[in-house]
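Q: Order-wise, the sequence lines are chains A and B. For the record, in the first sequence the residue sitting at position 61 is 61 according to this note's numbering, with numbers rising by one throughout. If you count the second sequence from 1, you need to add 1000 to reach this note's numbering. C-beta: ideal position from N, C-alpha, C; glycine also.
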Amino acid sequence: MTTELNRGLRLEITDDRHFFEGKVADLLDRLYGAALRLAKNREDAEDLVAEAVAKAWASRRSLKDPEKFRSWIFRILTNTFISGCRKQAVRPQAETFQEHPSDVETAFSLFEELHQPFLLWWGNPEKDFLNKLLSQDIEKAVDTLPEAFRMVIVLSDMEGFSYQEISEILRVPVGTVRSRLARGRGLLQKALWEHGKDAGLIKST
Amino acid sequence: MKKVKTIGCEEALKHLLAYLDQEAGAIKRREVERHIEICRTCFSRAEFEQSLKTRLREAGRGTMRSSFEKRIKILFDQFTTKQKRETP
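#1: Determine the burial state of Asp157 (chain A): buried for a count of at least 16 other Cβ atoms within 10 Å of its Cβ, exposed for fewer.
#2: Which residue marks the beginning of the alpha helix (DSSP H) containing Asn79 (chain A), and which one marks its end?
#3: Confirm, please, whether the CB-CB distance from Gly1025 (chain B) to Tyr32 (chain A) is below 8 angstroms.
#4: Below 9 angstroms between beta carbons is the criterion; list the residues of the region 20-34 of chain A that meet it against any residue of chain B, in chain order.
#5: First and last residue of the alpha helix (DSSP H) that includes Ala107 (chain A)?
#6: From Ala182 (chain A) to Glu194 (chain A), what distance separates their C-alpha atoms?
#7: Let me confirm a value: Glu95 (chain A) is counted as buried when at least 16 other C-beta atoms fall within 10 Å, else exposed. Which label applies?
#8: Rank A:Leu63, A:Asn131, A:Ile138 and A:Asn41 by C-alpha distance to the C-alpha of Arg1065 (chain B) and give the top, closest one.
#9: Could you tell me whether the region 113-132 of chain A touches the region 65-83 of chain A, where touching means 3 or more Cβ pairs closer than 8 angstroms?
#10: Within 10 Å of its beta-carbon, does Pro92 (chain A) have 16 or more other beta-carbons around it, so buried, or fewer, so exposed?
#11: Starting from the beta carbon of Glu159 (chain A), find every residue of chain B whose beta carbon is closer than 9 angstroms, and list them in chain order.
#12: How far does the alpha helix (DSSP H) with Asp26 (chain A) in it reach, from first residue to last?
#13: When we look at the beta-carbon of Ala199 (chain A) and count the other beta-carbons within 10 Å, is it buried (16 or more) or exposed?
#14: Against chain B, does Glu147 (chain A) count as a neighbour if the rule is that its beta carbon must be under 8 angstroms from one of theirs?
#15: Could you tell me the alpha carbon to alpha carbon distance between Ala148 (chain A) and Glu126 (chain A), rounded to whole angstroms?
#16: Any Cβ of chain B within less than 8 angstroms of the Cβ of Leu155 (chain A)?
#17: If the criterion is Cβ atoms closer than 8 angstroms, does the pair Lys1005 (chain B) and Glu1031 (chain B) meet it?
#18: I need the straight-line Cα distance from Lys140 (chain A) to Gly186 (chain A), nearest angstrom please.
#19: Ordered along the chain, which non-local residues of its own chain (more than five positions away) have a Cβ less than 8 angstroms from that of Asp208 (chain A)?
#20: Tell me which same chain residues have a C-beta within less than 8 angstroms of the C-beta of Ser71 (chain A), skipping the five on either side of it?
#21: Along the chain, where does the alpha helix (DSSP H) that runs through Asp47 (chain A) open and close?
#22: Mind checking Ile1036 (chain B): buried by the 16 CB within 10 Å criterion, or exposed?
#23: Taking only the alpha-carbon atoms, compute the straight-line gap between Arg17 (chain A) and Asp128 (chain A) and give it to the nearest angstrom.
#24: State the DSSP-derived secondary structure class of Arg1065 (chain B), mapped to helix, strand or coil.
#25: Would Ala50 (chain A) and Arg1071 (chain B) qualify as a contact pair, given that the criterion is a beta-carbon distance under 8 angstroms?
#26: From the DSSP output, in three-state form, read off Asp198 (chain A) for me.
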C-alpha cells in the first residue's frame, strides 16, 4: 500500500511541469556543454538539447525514480545524438563507432612523455604543459575522438557520472565503459600532445 | 584490519584511473593509496591525471546563447499548452 502510494506520488512529481522545468533549468548548462562536445557546433548542440528536452517531456512518465532524473535525461540526450548520427549518416558507420584504434595511440601517456624525474625540485614540465593549455585546446582534442570514446569521456570526465551510470545511459556493460574510457583517455592525451607540438607548447621532443 | 599488500608501479598504474574515478574497490584503493604515498613518480602521475580530469570538467561548461535559453522557455510553455489539451 505504502509502496503503491509512493509510486503514485513519484509519478505525480515527474508529471509536474514545475518539477520538470526546475530540473531541466538546473541541468541546462551541463546538457548544453555535453551536447556541444557531441555535436561539435553550437547550432547542432542547441537542436540536440531542445529535441532531447522535448522527448524527455513526452516520455516523462517513464521516469520511475525522480532521483535519477539526471542520468535519465542524459540517456535521452545521448540516444537522440546516436539516432541523429545514424539518420543523417554524417560519417561512415565504421568511423562513427570505431572501437579499435591502434594500441600505440590508446596506450599513449602525456605524463610519460613529459615527466623528467631529474628536474624534481627545479621544474615540472607536465604541470607547465597543462597550465599552458587553453580550455578550447582541450575541447578541440575531445572533438577529435571517435564518438564511442567521446561519449564516455564526456559522461565520465566532464559530467562526473559513475561507470555504472554510464553503463545504464549507453546500455553497454560496465567492462565496455572501462575499456572505452582507458582507450579514449589515451587518444585524448595523444591529441593534446600533437596539439602541444604544433602550438609550440613543448620545448623539445 | 587486513594488512595492505605492497604493490609495484605497474600494478598501481593499472588501477590508477579507476582509483581517481573513485571506482576502485576498497582493497585496491588502499593498495594504490599506499603505493603513491611511497613512490614519488606515481604520486606525480596521480597528481597530473587528476589535474587533467579537473581541466576536462571545467572545459565541459559551454556558454549558452541567450536566444537558446529563450528557445527552451518557449518549449516549456508549449508543454503546458499540450498538458492542458491532454487533461480532460
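A: The relevant details are as follows:
#1: buried
#2: Phe69 to Gln88
#3: no
#4: Phe20, Glu21, Val24, Ala25, Leu28, Asp29, Arg30, Tyr32, Gly33 and Ala34
#5: Premise fails: Ala107 (chain A) is in no alpha helix (DSSP H) and is neither H nor E.
#6: 19 angstroms
#7: The predicted model places Glu95 (chain A) with a pLDDT of 46, which falls under 50 and marks its position as unreliable; any figure quoted below should be read in that light. That one is exposed.
#8: A:Asn41
#9: no
#10: With a pLDDT of 42 at Pro92 (chain A), under the threshold of 50, the modelled position of that residue is not reliable, and the figure given next carries that caveat. That one is exposed.
#11: Arg1057 and Gly1060
#12: Arg17 to Ala39
#13: exposed
#14: no
#15: 28 angstroms
#16: no
#17: yes
#18: 15 angstroms
#19: Residue 208 (chain A) cannot be examined here, being either before or after the span of chain A that is shown, 1 to 205.
#20: Phe161, Glu165, Glu168 and Ile169
#21: Arg42 to Ala58
#22: buried
#23: 48 angstroms
#24: coil
#25: yes
#26: helix
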